[in-house]
Amino acid sequence: MTTDQEQISVDFVRQIVATDIESNKNDGKVITRFPPEPNGYLHIGHAKSICLNFGIAAENQGVCHLRFDDTNPCKEEDEFVQAIKKDIRWLGFDWGEHEYYASDYYQQLYDWALKLINDDKAYVDDLSAEEIRQYRGTLTEPGRESPHRNRCVSENLDLFQRMKAGEFDDGQKVLRAKIDVTSPNINLRDPVIYRILKAHHHRTGDDWCIYPMYDFAHGQSDSIESITHSICTLEFEDHRPLYDWFVESLEIHHPQQIEFARLNINYMVMSKRKMAELVNQKIVNGWDDPRMPTLCGMRRRGYTPKSIIKFCARVGVTKFNSLTDIGLLEHSLREDLNQIAPRAMGVLNPLRVVIENYPEGQTEELDAVNNPQDESMGTRKVPFSRVIYVEQDDFMEDAPRKFFRLSVGREVRLRYAYFITCQSIIKDEKTGKAVELRCTYDPLTRGGDSPDGRKVKGTLHWVSAEHAVDAEVRLYDRLFTDPEPSGGKDDKDYHDYLNPDSLKVLTNCKLEPSLGKAEHGMQFQFERLGYFCVDPDSTADAMVFNRTVALRDSWAKADKAKS
Ligand code: ATP
Ligand code: MG
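Numbering (this note's numbering), first residue to last: 1143 to 1705.
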């Protein structure tokens, strides 16, 4: 059962926000943000964060900013910025005029770094990255002070300004916050806050050769934007004391950080780094490969925004990391597609059937229901003729008693058409495989109804050969065979769990003619087979469909009800 109540379940983050509004904290205002780093495409995990941030803002007459945390010029590109915007819009969320970039705050961040230096709260260090790591200590061992930690303010100011002027090479010097090298929280052991990177930035070009670290930019960016609730994933809990230290030292607005558990789904990898590897190693065909958990991949696969939003609502928001079953995602998808996808008939592995007593050259148009869930979607005409295709699977030569499909002497119903009985088989001489069935039909069963109450258990989908549209159909399955491909079991990594059958391409599919007009992205339920959508590779002359998701339950139930 799905009710609206299910969707608006009040999680702990929403409770905090509600309490803050009640006590008139932040003058009752709610400003959230979604802060992607433009170094890859968004995935279903990001959708959870998007739904949470945009959702909470909308529910409380607040606003949600889109802020690109673009502090790493080496990995970021405008291509990703554009793709991220497209994906958020596709989900149905709107940031209005509130599109921001951490890179817009570079001058402010630099000025704040100067303030820390002036207050003797930051210093320039000459240690190499490796040395800094060694000095930092471990979880069980305190860190050691850098020999440069006690440089005087004026020397630090001079060096930092010369870093900015480009006098030093990458890695030669860094600016570090002066906090506490013995802190039990490693994030507070004098973290690096600025590094030299003589790299071109996708927005600021060559204006800067020093860049703030993510940790020095993120909290302050929230502060600049007057974010009230800075919602992030659990792994940032240990960074919160550092963000607090920055905003308190700088005496600026203090957003409230709230951490929630990130989304993990079984049979998937959910890290941008691994996704980039899948793309770069050509294990998949790009970021929008329909097997990818990216939003662009899911869109191409045939996922709807509604199904993703519903899924995120069902997963809920908690403080505990867990693994969500992919079945829940597919359930949310089927539920939506069941309502909106018109039905159609398509035969993926065709077997030719000749109906011997049907007049040659005759065609008739039969009425088919577009969606039994929604009468307003109406009906369509499906042509029927003497030669049709059925699914190879729907025939068996030596069929067991309970095989309610085609075999010599057995009668089945052709959906919306007639009862037919298989009379004989024509086989390939060499392989012995059935290549054609010879059948007869009962003209009195037009529409698939029996005039004499005769029972037929099997109902098959079919396509008229003469009218069929040829298509390629790509059957997608899980990319991994293990529920936790990144689990790190037995020294294996996710490459060891790739599903060799995650993509099967069928090139000889026969579809009912109404599908010949289907446009990119349109979704259908191919009766008995699953949900399918038109791939962007599809052209009028060479149609390509993707299987979005199989039907869990076939017509078994419907047939039971009928007979
Ligand atoms: P990844 O781990 O895939 O590289 P990321 O955290 O580095 O992701 P960002 O671009 O920094 O990617 O993420 C933007 C926002 O999305 C952050 O607020 C982050 O917390 C959130 N986010 C990322 N992954 C998930 C997830 N699996 N579940 C929920 N929120 C997520
Ligand atoms: Mg991140």
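Think of the CB as a built atom: it goes at the ideal place given N, C-alpha and C, for glycine as much as any other residue.
Item	Value
T1375 CB to nearest heavy atom of ligand 1 below 7 Å	yes
Unbroken beta strand (DSSP E) run spanning G1672, endpoints	G1672 to V1676
Check whether R1318 and A1255 have beta carbons under 8 Å apart	no
Residue environment, V1495, which counts as buried when at least 16 other CB atoms sit within 10 Å	buried
Buried versus exposed call for G1182 [16 or more other C-beta atoms within 10 Å across all chains shown]	buried
For P1514 and K1730, the rounded distance between their alpha carbons	The structure shown does not extend to residue 1730, since the chain spans only 1143 to 1705, so no value can be given for it.
Pair within 8 Å by beta-carbon distance, L1301 and K1315	yes
Contact test: R1456 Cβ vs ligand 1 heavy atom, cutoff 7 Å	no
The stretch 1609 to 1624 touching the stretch 1419 to 1437, judged by at least three CB pairs closer than 8 Å	yes
Beta-carbon contacts of N1499 that lie in its chain and below 6 Å, excluding the five residues immediately before and after	T1582
Which residues DSSP lists as bridging T1174, in chain order	C1206
Sequence-distant residues of its chain with Cβ nearer than 8 Å to E1578 (five each side left out)	L1493, R1494, V1495, V1496, I1567 and I1568
Reduced DSSP category for K1575 - H, G, I as helix; E, B as strand; rest coil	coil
is_contact[C1193, chain C] using C-beta, thresh 8 Å	Of the protein chains in the structure, only one exists, and it is not chain C.
Any non-hydrogen atom of ligand 1 closer than 7 Å to H1188 Cβ	yes
For I1369, the three-state DSSP class (helix, strand or coil)	coil
Rounded C-alpha distance that separates Q1772 from R1456	Any question about residue 1772 goes unanswered here, given that the chain covers just 1143 to 1705.
Same chain, Cβ closer than 8 Å to T1375, five either side skipped, listed in chain order	S1191, E1401, F1402, A1403 and R1404
Beta-ladder partner(s) of N1422, from DSSP	According to DSSP, N1422 bridges with nothing at all.
DSSP-derived helix/strand/coil call for N1166	coil
Cut-off 7 Å between Cβ atoms - residues of its own chain near S1644, not counting five sequence neighbours on either side	R1433, Y1618, D1619, R1620 and L1621
Whole-angstrom distance between S1656 and A1510, CA atom to CA atom	11 Å
Near ligand 1: E1626 beta-carbon under 7 Å from a heavy atom	no
Distance, L1490 Cα to R1689 Cα	11 Å
Pick from D1679, E1626 and L1184 that is closest to R1415, judged by C-alpha positions	L1184
Residues bridged to I1568 [DSSP beta-bridge criterion]	E1578
Test item: CB-CB of D1364 and P1397 under 8 Å	yes
Ligand 1 heavy atom lying under 7 Å from the CB of L1405	yes
Any non-hydrogen atom of ligand 1 within 7 Å of P1354 CB	no
D1386 versus G1520 - alpha carbon distance	60 Å
Contact check, V1155 vs A1199, beta carbons under 8 Å	no
Opposing strand residues paired with P1492 [DSSP bridges]	E1533
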